[in-house]
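Residue 130 in the numbering used here is what sits at position 23 of the sequence shown, and the numbering runs on without skipping anything.
Note that beta-carbon positions come from the ideal geometry of N, C-alpha and C, so glycine has one too.
What follows is one structure encoded as structure tokens, with my remarks underneath.
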Amino acid sequence: MPQEAVGFLKETDMRFDAIYSAYGAVWFTDPDVLLPLLRTRLAPHGCLVFSHEPPIEGCYGAQGTYIRRKNGGPPVPVVRWAHTPEQWREILARHGFVTVDTEIVEAPDPAYVPTMLVRAAPSPI
């Protein structure tokens, strides 16, 4: 999946008013690779919105894990990029996003993990 997003963004000349990633490419792709491509493809007043689980305290940056397949077979290794809201603000600013809002949305059931929601724009909103 991350390779598909990176490949598409490298090959297209399309511009987007909004780009979103719900537990998707932004979580599973090195921000230093993906964010410059997203920034280039965003319209001047466009908006990037993404969500993923908040990081586990003390576990930041690239975090490796395995995903077990429901139908058997070998587990799939994956890397997720886990950052705090403050770290995301710094990373996004470094890649040309001037407006960044972050929020932790609590799950309706405390048995579940909250969601981090991030909105970023290359110009003031």
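query                                                                                                                                                                : result
What's the gap between the Cα of P162 and the Cα of D216?                                                                                                            : 19 Å
With distances taken Cα to Cα, identify the nearest neighbour of W188 among D120, Q110 and D137.                                                                     : D137
Among residues of its own chain, excluding the 5 on either side of A228, which ones have a beta-carbon nearer than 6 Å to its beta-carbon?                           : C154 and T206
If you draw a straight line from the alpha carbon of P143 to that of C166, how long is it in whole angstroms?                                                        : 24 Å
I need the straight-line Cα distance from L224 to H159, nearest angstrom please.                                                                                     : 7 Å
Relative to the alpha-carbon of L116, which residue among R201, F157, T147 and F135 has its alpha-carbon at the smallest distance?                                   : T147
For W134, collect the residues of the same chain with a Cβ closer than 6 Å to its Cβ; drop the 5 residues on either side in sequence, then sort them by chain order. : H159 and R187
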